[in-house]
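Heads up: take any position in the sequence shown, counting from 1, add 92, and you land on the working numbering.
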Amino acid sequence: MVSMLKPITVRAKIVFLGDGAVGKTSIAKRYLGEGFKGNYKATIGADFYVKKEVYEFPKLGRAHFIWQIFDIAGQPTFGSIRPVYYRGAKGAIVVFDVSRAETFYNVKNWIEEFWKNAGVYPFILVGNKVDLRGIKPGCLPPEAGKRYAESLSKVLGFPVQYVETSAKTGYNINYAFKVLAWTLLVWFIHIRRRMSQK
């Protein structure tokens, strides 16, 4: 069983990934307490934020996280400069828009780009804009994200968590970061144990 003996402090650089206009910036700003703005402005290069958080996990204990959040531009025109922002990242939030299926199908490309440039580190999958279900036709059902996360978990050999969010309403925004924190802790404890057994 994974466990920690005492409270720890984790300084974690993470990146927001996903196609343009899926809501990465809106999620980040909602998490930072800045509220939601409906007018879309494309991120140029990357935006950087810092937030401190304390989490309590059953069997893991208390963890103090210092999030270093890089919100990376999703437009193809920024593909050549994105690798610079991946350096040093230890985790990712891969976002798609449940109302635009093509952004879901591009998730695989974002995971591959992340691992190619940052190394093999954990991530969570986030389906954003769930507030549009029942309003906009053709929205992906929750099962689509869940099934994909389950299939990734089997292929990759570690748990990939799926969280649905709405940056507009604030639904599950804080929870998504807590899930990522748990994922990172489990990942690094597992890696440390493997290293100690060599």
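Yeah, the Cβ is synthetic: ideal placement off N, Cα and C, and Gly gets one too. Since the structure is predicted, the reported quantities are computational estimates derived from the model, not experimental observations.
- Run of the alpha helix (DSSP H) containing GLY237, from where it starts to where it stops: 234-248
- Quick one, are the C-beta atoms of VAL199 and LYS116 less than 8 Å apart? Not in contact: VAL199 and LYS116 (Cβ atoms no closer than 8 Å).
- Task: Check whether the stretch 268-278 touches the stretch 244-257, counting contact only when three or more Cβ pairs, one atom from each stretch, lie closer than 8 Å.
- Result: yes
- LYS116 - containing beta strand (DSSP E), residue span: Per DSSP, LYS116 lies in no beta strand (DSSP E); the unbroken alpha helix (DSSP H) holding it starts and ends at 116-123.
- How many angstroms separate the CA atom of GLU194 from the CA atom of ILE100? CA-CA distance, GLU194 to ILE100, rounds to 40 Å.
- Message: Tell me the DSSP secondary structure of ASP223 in three-state form.
- Response: helix
- Per DSSP, TYR263 forms a beta bridge with which residues? SER258
- Exposed or buried, ARG122, counting other C-beta atoms within 10 Å across all chains shown (16 or more means buried)? buried
- Message: Between the alpha carbons of ARG179 and ILE227, how many angstroms are there, rounded?
- Response: Rounded to the nearest whole angstrom, the CA to CA distance from ARG179 to ILE227 is 39 Å.
- Message: Using only the alpha-carbon positions, how far apart do SER284 and ALA273 sit?
- Response: A quick correction: the sequence has Arg, not Ser, at residue 284. Going from the Cα of ARG284 to the Cα of ALA273 covers about 16 Å.
- Message: Taking the alpha-carbon of LYS144 as reference, which of PRO175, TRP207, GLN167 and LYS105 has the nearest alpha-carbon?
- Response: LYS105
- Roughly how many angstroms lie between the CA atoms of GLY112 and LYS98, to the nearest whole one? 40 Å
- Message: So if DSSP puts PHE188 in a beta bridge, which residue, or which two residues, is it bridged to?
- Response: GLY219
- Task: For PRO233, count neighbouring C-beta atoms within 10 Å of its own C-beta (all shown protein chains included) and say buried if the count is 16 or more, exposed if not.
- Result: exposed
- Paired residues, beta bridge with GLU145 - DSSP: Partner(s): PHE157.
- Query: Along the chain, where does the alpha helix (DSSP H) that runs through THR135 open and close?
  - Reply: Under the DSSP assignment, THR135 falls outside any alpha helix (DSSP H); it carries neither an H nor an E label.
- Excluding sequence positions up to five away, which residues of its chain have a Cβ less than 7 Å from the Cβ of GLN167? Cβ neighbours of GLN167 beyond the five flanking positions: GLY112 and ALA134.
- Query: Sorted by chain position, which residues of the same chain lie with C-beta nearer than 6 Å to PHE280's C-beta, five sequence neighbours on each side aside?
  - Reply: none
- Query: Three-state secondary structure (DSSP) at ARG285?
  - Reply: helix
- Task: Determine the closest residue to GLY125 out of GLY219, GLY262, ALA138 and ALA241, with distance taken between C-alpha atoms.
- Result: GLY262
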